[in-house]
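*Asks:* The numbering of the first sequence is numbering that gives the first Met the number 0, which starts it at 0 and goes up by one. Below is a structure I'd like to ask you about.
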Amino acid sequence: MPVLKLPDGSRREVAVGARSRDVAESIGKRLAKDAVAAKVDGAVVDLDRELPDGEVSFAVLTPKDPEALEVLRHSCAHIMARAVMRLFPGVQLAFGPPTENGFYYDIESPTPITEADFPRIEEEMRKIIADAEPFERFERTTAEARGLVADLKQHYKVEHIDDDLKRYPSLSFYRQGEFIDLCRGPHIPHAGKVGAYKLLSIAGAYWKNDVTRKQLQRLYATAFFSQKELDAYLRQIEEAKKRDHRVLGKQLKLFTISQAVGSGLILWMPRGATVRGLLETFIKDELIKRGYQPVYTPHIGRLELYRTSGHFPYYRDAQFPPMFFHPLGQAVDTWLNLFDAKQLTEPAEKALLALVDEYVKATAVAESNDQKHQALALRAMWVNYQNAETPEGKAKALREWLDGQEAYLLKPMNCPHHIQIYKAEPRSYRDLPVRLAEFGTVYRFEQTGELSGLTRVRGFTQDDAHLFVTAEQIEEEVGANIDLVLFVLSSLGLSDYRVRVGLRAPDSSKYVGAAEDWDKAERTLVEVVKSRGMNYTAEQGEAAFYGPKIDFVVRDCIGREWQLGTVQLDYNLPKRFELEYIGKDNTPHRPVMIHRAPFGSVERFMGILIEHFAGAFPLWLAPEQVRILPVSERFADYGKKVEAELRTHGFRVSGDYRPEKIGYKIREAQLEKIPYMLVVGDKEQSAGTVAVRDRVDGDLGALPLAELVQRLTDEVRERRIRQGGAAKSGE
RNA sequence: GCUGCUGUAGCGCAGUGGUAGCGCGGCGCCUUGGUAAGGCGCAGGUCCUGGGUUCGACCCCCAGCAGCAGCUCCA
0 MPVLKLPDGS RREVAVGARS RDVAESIGKR LAKDAVAAKV DGAVVDLDRE
50 LPDGEVSFAV LTPKDPEALE VLRHSCAHIM ARAVMRLFPG VQLAFGPPTE
100 NGFYYDIESP TPITEADFPR IEEEMRKIIA DAEPFERFER TTAEARGLVA
150 DLKQHYKVEH IDDDLKRYPS LSFYRQGEFI DLCRGPHIPH AGKVGAYKLL
200 SIAGAYWKND VTRKQLQRLY ATAFFSQKEL DAYLRQIEEA KKRDHRVLGK
250 QLKLFTISQA VGSGLILWMP RGATVRGLLE TFIKDELIKR GYQPVYTPHI
300 GRLELYRTSG HFPYYRDAQF PPMFFHPLGQ AVDTWLNLFD AKQLTEPAEK
350 ALLALVDEYV KATAVAESND QKHQALALRA MWVNYQNAET PEGKAKALRE
400 WLDGQEAYLL KPMNCPHHIQ IYKAEPRSYR DLPVRLAEFG TVYRFEQTGE
450 LSGLTRVRGF TQDDAHLFVT AEQIEEEVGA NIDLVLFVLS SLGLSDYRVR
500 VGLRAPDSSK YVGAAEDWDK AERTLVEVVK SRGMNYTAEQ GEAAFYGPKI
550 DFVVRDCIGR EWQLGTVQLD YNLPKRFELE YIGKDNTPHR PVMIHRAPFG
600 SVERFMGILI EHFAGAFPLW LAPEQVRILP VSERFADYGK KVEAELRTHG
650 FRVSGDYRPE KIGYKIREAQ LEKIPYMLVV GDKEQSAGTV AVRDRVDGDL
700 GALPLAELVQ RLTDEVRERR IRQGGAAKSG E
């Protein structure tokens, strides 16, 4: 006999075979009417499922429970799929799960669906919901289930059973009228529970997230129990868009991106550059306190360097192409690439050979020794290539020539340069940890579809540092760096982040180094995070190719996650570059490297910060801290005097001396999110005061100038964050 | 890179197969005003680029570029 422990602590015995729905009814009419699903021993189930024997915890889920909303959305995905199938014959269904803010269904339609079809689909959904038919669950053995989805001509479902579900003895289905879907459930009792819904967008998504497979159409939508909630959600999206850093960056003149310069390359305008500079100073001061040494290194480096580090071979496609001195360098490089990828066509090969041949002939009469040497090397490649009997031999000929060519790469990371600084002098165990810090700008050729404002760019600056430590120092240094990241985040009031420990994927060729080093490194990172009592998720496949890492991940205004701060442990680059220090025992030892960047990318950090503050930077970061607003032109002289005085105290201040009304000037300053507005007129001039208007709290009344200076000085020194309050949003 | 949508004045947007408008902003004049928009006037556009269809293209077709959303990727 089932015995239920109810949320209020009471116990209730129910008959064998009783369903959640029966229990809800026995508790109360109102509850039965509101019931969406039930939660039995922590698992959400349909109201129609029979309760298990024995003692279980039990709760009825109503629209108030977040889990109920998830059930509703999952069911609404079925409703949407059903509507689509009615309107578009021959549709194949893939997956249709709920998401954080709604749901989607991946489908393949013989006639592609577009946003123009949304009204029709929504209308069809309206009918289905009005009919309020029940969701009926039934089970089949896995073999029968496969037959059923095959009969339904749903080949993605067949594939899904074959690939992933064979290990289950039976599978569940849900039927709603003519619509049957292979589905784990649970579902709402009937379609009428859907109070409001809206199709949002359509996008491509690969079957099983695999680029090599078919791309399906993903229909995004959302649903709620009430129209009011849907309206609130849509309003919230509109509000979020207003704090988008791409919008605010333009409005507040922080940065721009020019096609004349290139996609994903940020141009910092004076205001943005001011904020960025202040952030950089902030962290630089902090690094000095924590024993870092500043270094500067160039934006480019020899290609060979990045071959040694592994960056070039591992991330070739994500880099700007290497710069070769030899006119044919780029061509041969591409050639070898095509070759390795087995994409070299015969005409292309012919053309490339002809190109080399022509060049060899043209440079036959070389004059200097260097030219002669070059000409001979190229000729040797040409001969070796054509004499080679195997593809490997051909590739070798190309590679040998290429390796002899001088080439440079825009640096994709700073570590190889810092490593060279480490290697520039002999190191003793007494010197360690060596902490080399640089705001290093790196370049990565991100795929076009990935570029996004400041958060994903092709040139960005890391507040980078590399620590060279002994094995015994690892834990302490990793810990100190976590503390630094936490300090940075809390200084800026960023509290909404999660911590991810990125581990390697079990079976992947994209990592370098020995398994035991990896195990050791992964264990260390997990231990450090655990010992600090931090919440974290360990995620496989999130490691860097050279080592595991701890990432601090935040969300942007539309909910996308971005990695900011990172601490990475690396046993591999020290090996690749044969780094050493002399130990107490007077023999060489290998140091371990820690890569770390509290901001991550300064560009991305700025983007997140702009959204975090909605463009209203705290006083210490504000590009313009104070604006003088004379009531009329008659007080311009006094205004300028105040302006000059504040400037001598180091404040970033300007004055608005246009012949506009005071209300107009205040509105503009407010919309520009300037922390303090100083209104000056007759009264202030004769009293030697300023009327202070605060961005957050509005009119503060008159203050003697000296008092104001003190107040602002304190606010800056404490890096005080004051947000919200009376500010209107503007239009 | 893939799928879809978008590209018109500095910004936000209308618009039509017969060479373009609105709001804000800018500039000028008037107003010298006390805490979120004073009035009048003026200027400003390769309608993303390149082809094509057409008597004629900003509009229709093709290709490219860029932006947006999603997928994939992210050292």
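Cβ atoms here follow ideal geometry from the backbone N, Cα and C, with glycine treated the same way.
In terms of DSSP beta bridges, what is Phe323 paired with?
*Replies:* For Phe323, the beta-bridge partners assigned by DSSP are Ala406.
*Asks:* Do Leu335 and Ala347 have their CB atoms nearer than 9 angstroms?
*Replies:* No, these two residues do not count as a Cβ contact at 9 angstroms.
*Asks:* Let me know the secondary structure DSSP gives Pro573 once reduced to three states.
*Replies:* helix
*Asks:* Just mark Leu550 as buried or exposed, buried being the case when its beta carbon has 16 or more other beta carbons within 10 Å.
*Replies:* The sequence shown places Asp at residue 550, rather than the Leu named in the question. Buried, since its Cβ has 16 or more Cβ neighbours within 10 Å.
*Asks:* So what does DSSP say about Leu46, is it helix, strand or coil?
*Replies:* coil
*Asks:* If you check the beta carbons only, do Pro6 and Gly53 fall under 9 angstroms apart?
*Replies:* no
*Asks:* Does the structure place the stretch 296 to 304 close enough to the stretch 407 to 416 that three or more beta carbon pairs sit under 8 angstroms?
*Replies:* They touch, by the three-pair rule.
*Asks:* If you draw a straight line from the alpha carbon of Arg217 to that of Leu229, how long is it in whole angstroms?
*Replies:* 21 angstroms
*Asks:* Please report the distance separating the alpha-carbon of Ala668 from that of Phe634.
*Replies:* Looking at the two C-alpha atoms, the distance is approximately 18 angstroms.
*Asks:* Assuming Tyr384 is part of the alpha helix (DSSP H), what are its boundary residues?
*Replies:* Asn368 to Asn386
*Asks:* Beta strand (DSSP E) containing Glu437: first to last residue?
*Replies:* Val433 to Tyr442
*Asks:* Could you pull the start and end residues of the beta strand (DSSP E) that Phe178 belongs to?
*Replies:* Phe178 to Leu181
*Asks:* Using the three-state DSSP reduction, which class does Asp770 fall into: helix, strand or coil?
*Replies:* The question about residue 770 has no answer, for the chain in this structure spans 0 to 730.
*Asks:* By Cβ distance below 6 angstroms, which residues in the same chain neighbour Gly309 in space, the five residues on each side in sequence not counted?
*Replies:* Val511
*Asks:* Between Ala129, Arg11 and Arg245, which has its C-alpha nearest Leu450's C-alpha?
*Replies:* Arg245
*Asks:* What first and last residue would you give for the alpha helix (DSSP H) that runs through Met592?
*Replies:* Per DSSP, Met592 belongs to no alpha helix (DSSP H); it is in the beta strand (DSSP E), Val591 to Ala596.
*Asks:* Three or more beta-carbon pairs under 8 angstroms between the stretch 26 to 43 and the stretch 51 to 66, yes or no?
*Replies:* yes
*Asks:* Quick check on the burial criterion: 16 or more other C-beta atoms within 10 angstroms. Buried or exposed for Arg429?
*Replies:* exposed
*Asks:* Can you tell me whether Val331 is buried or exposed? The criterion is at least 16 other CB atoms within 10 Å of its CB, across all chains shown.
*Replies:* buried
*Asks:* Report the rounded CA-to-CA distance for Val210 versus Phe467, giving the unit in angstroms.
*Replies:* One C-alpha to the other measures close to 39 angstroms.
*Asks:* If distances are taken between C-alpha atoms only, which option among His416, Leu670 and Leu702 comes closest to Lys241?
*Replies:* Leu670
*Asks:* Give a yes or no on whether the C-beta atoms belonging to Glu399 and Met380 are separated by under 9 angstroms.
*Replies:* In this structure, the beta-carbon distance from Glu399 to Met380 falls below 9 angstroms.
*Asks:* Going along the chain, which unbroken runs of the alpha helix (DSSP H) with 4 or more residues stay wholly within the stretch 11 to 63?
*Replies:* Annotation note: the stretch 11 to 63 contains the following uninterrupted alpha helix (DSSP H) runs of length 4 or greater, listed N- to C-terminal: 19 to 26 and 28 to 33.
*Asks:* Name the residue from Glu632, Glu474 and Tyr570 whose alpha carbon lies nearest to the alpha carbon of Asp516.
*Replies:* Tyr570
*Asks:* Would Arg692 be called buried (16 or more neighbouring beta carbons within 10 Å of its own) or exposed?
*Replies:* With 16 or more Cβ atoms within 10 Å of its Cβ, Arg692 is classed as buried.
*Asks:* Please return the same chain residues whose Cβ sits closer than 6 angstroms to the Cβ of Arg270, not counting the five positions on each side in sequence.
*Replies:* So the list reads Lys252, Leu253 and Pro622, once near-sequence residues are dropped.
*Asks:* Classify Tyr305 as helix, strand or coil using the three-state DSSP reduction.
*Replies:* helix
*Asks:* From Ala36 to Gly101, what does the alpha carbon distance come to, in whole angstroms?
*Replies:* 18 angstroms
*Asks:* Could you give the DSSP three-state label for Ser508: helix, strand or coil?
*Replies:* coil
*Asks:* So what does DSSP say about Gln342, is it helix, strand or coil?
*Replies:* The answer is coil: DSSP assigns Gln342 none of H, G, I, E or B.
*Asks:* Express the C-alpha separation of Ala82 and Gln175 in angstroms, rounding to a whole number.
*Replies:* Looking at the backbone, the Cα of Gln175 and that of Ala82 are separated by about 11 angstroms.
*Asks:* For Glu99 and Thr280, I'd like the C-alpha separation in whole angstroms.
*Replies:* 38 angstroms
*Asks:* Which value, in whole angstroms, describes the spacing of the CA atoms of Phe117 and Arg125?
*Replies:* 12 angstroms
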